[in-house]
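A.B. asks:
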Amino acid sequence: MTFDNGADNMRSNDTTWYSHFASLAPTAAILALVVGGCSVLPAPLPPDNIYLLEAASVPPIVSTRRDVVLAVSLPRARAGFDTAQMIWVRQVHGLETYARNRWADAPARMLAPLIVQALERSGAFHAVVSAPSGVAAGLRLDTELVRLQQDFTVKPSEVRFTLGVQLIDTATQRVIATAEFDETEKCETEDAYGGVRAANRALERLLVRVAEFCAGR
Numbered sequence: 058m059t060f061d062n063g064a065d066n067m068r069s070n071d072t073t074w075y076s077h078f079a080s081l082a083p084t085a086a087i088l089a090l091v092v093g094g095c096s097v098l099p100a101p102l103p104p105d106n107i108y109l110l111e112a113a114s115v116p117p118i119v120s121t122r123r124d125v126v127l128a129v130s131l132p133r134a135r136a137g138f139d140t141a142q143m144i145w146v147r148q149v150h151g152l153e154t155y156a157r158n159r160w161a162d163a164p165a166r167m168l169a170p171l172i173v174q175a176l177e178r179s180g181a182f183h184a185v186v187s188a189p190s191g192v193a194a195g196l197r198l199d200t201e202l203v204r205l206q207q208d209f210t211v212k213p214s215e216v217r218f219t220l221g222v223q224l225i226d227t228a229t230q231r232v233i234a235t236a237e238f239d240e241t242e243k244c245e246t247e248d249a250y251g252g253v254r255a256a257n258r259a260l261e262r263l264l265v266r267v268a269e270f271c272a273g274r
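All residue numbers for the sequence shown refer to this note's numbering, where the first residue is 58 and numbers rise by one.
1. Hey, residue 142 and residue 159 are a contact pair by Cβ (cut 8 Å); roughly how many whole angstroms apart?
2. Mapping the DSSP letters down to three states, classify residue 187 as helix, strand or coil.
3. Is the region 160-167 in contact with the region 229-248, if contact means three or more CB pairs nearer than 8 Å?
4. Within a Cβ cutoff of 7 Å, which residues of the same chain sit near residue 78, ignoring the five residues on either side of it in sequence?
5. Are the region 176-195 and the region 107-124 in contact at 8 Å, needing three or more beta carbon pairs?
6. With 16 as the cutoff for other CB atoms within 10 Å, does residue 191 come out buried or exposed?
7. Taking Cβ to Cβ, would you say residue 118 is nearer than 9 Å to residue 259?
8. In this structure, how does DSSP classify residue 267 when only helix, strand and coil are distinguished?
9. Among 134, 149, 243, 102, which has the Cα closest to the Cα of residue 217?
10. Quick one: which unbroken beta strand (DSSP E) runs of 3-plus residues sit fully inside the region 176-239? Chain order, please.
11. Identify, in the order they occur along the chain, each residue of the same chain with its Cβ nearer than 6 Å to the Cβ of residue 225, setting aside the five sequence neighbours on each side.
12. Can you tell me where the beta strand (DSSP E) holding residue 127 begins and where it ends?
13. How many whole angstroms separate the CB atoms of residue 168 and residue 110, which I take to be in contact at a CB cut-off of 8 Å?
14. Can the beta-carbon of residue 179 be found closer than 9 Å to that of residue 115?
15. Along the chain, where does the beta strand (DSSP E) that runs through residue 142 open and close?
16. Measuring straight from C-alpha to C-alpha, what distance separates residue 137 and residue 255?
17. Please state the DSSP three-state secondary structure of residue 78.
18. What first and last residue would you give for the beta strand (DSSP E) that runs through residue 156?
19. If the criterion is Cβ atoms closer than 9 Å, does the pair residue 200 and residue 220 meet it?
20. Going by alpha carbons, who is nearest to residue 133 out of 270, 193, 265, 205?
21. Pick out whichever of 105, 235, 248, 113 has its Cα sitting closest to the Cα of residue 207.
22. Just to confirm, are residue 234 and residue 274 a CB contact at a threshold of 9 Å?
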């Protein structure tokens with residue numbers, strides 16, 4: 058009596074099982090890599106904090122309304138400040154930016170409608186329009202954002218907000234007057250939001266000064 062058939066069957070079963078295991082091994086290895094990789098994926102970054110430049114209404118200025126239309130050109134920005142990134146400094150000549158905080162748009166572009174609104178409410182002009190415009194304007198106001206930064210070289214930190222302005226006679230292209238207005242405002246907290254609140258308080262004073270400058274010329 059022999060057991061050859063039984064041995065052959067056992068060898069056949071072993072071979073089949075091994076082949077089946079070998080075919081599944083790559084799949085199992087890939088699955089292990091995927092599961093392991095998922096466990097080490099970095100956590101998603103929080104969304105950026107986005108802020109606006111906003112200001113309270115400028116009160117009417119005691120001035121006789123002039124029968125002239127004033128055009129307000131889109132403000133320019135000095136090098137380093139034509140960006141939606143929020144600028145801060147900790148040493149002279151050095152500009153740095155917040156990683157997770159930014160303006161909704163470049164500050165110079167956000168300033169344009171605020172300046173127009175302030176000049177309209179001043180009551181000093183027949184009309185105030187944004188340039189370019191199809192409306193004939195006797196005067197044009199050009200502005201430049203010179204500086205908008207949160208300064209950490211002092212404690213508490215403070216915001217410096219500086220605007221350059223130029224009033225031009227459009228008929229002759231003659232510069233009637235120029236000025237530079239600078240406002241400094243202390244921050245209530247040592248972070249980006251503290252800088253935003255300080256910037257908007259400084260902006261309110263700047264808009265009043267710009268309106269008075271234009272109305273007095």
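Cβ atoms here follow ideal geometry from the backbone N, Cα and C, with glycine treated the same way.
C.D. replies: Reading from the atomic positions:
1. 6 Å
2. strand
3. no
4. With a pLDDT of 45 at residue 78, under the threshold of 50, the modelled position of that residue is not reliable, and the figure given next carries that caveat. There are no such residues.
5. yes
6. exposed
7. no
8. helix
9. 243
10. 182-187, 196-208, 215-226
11. 197, 232
12. 123-129
13. 7 Å
14. yes
15. 142-146
16. 20 Å
17. Confidence at residue 78 is low in this model, with a pLDDT of 45, below 50, so its placement is unreliable and the value that follows should be read with caution. Three-state result, residue 78: helix.
18. 153-160
19. yes
20. 205
21. 248
22. yes
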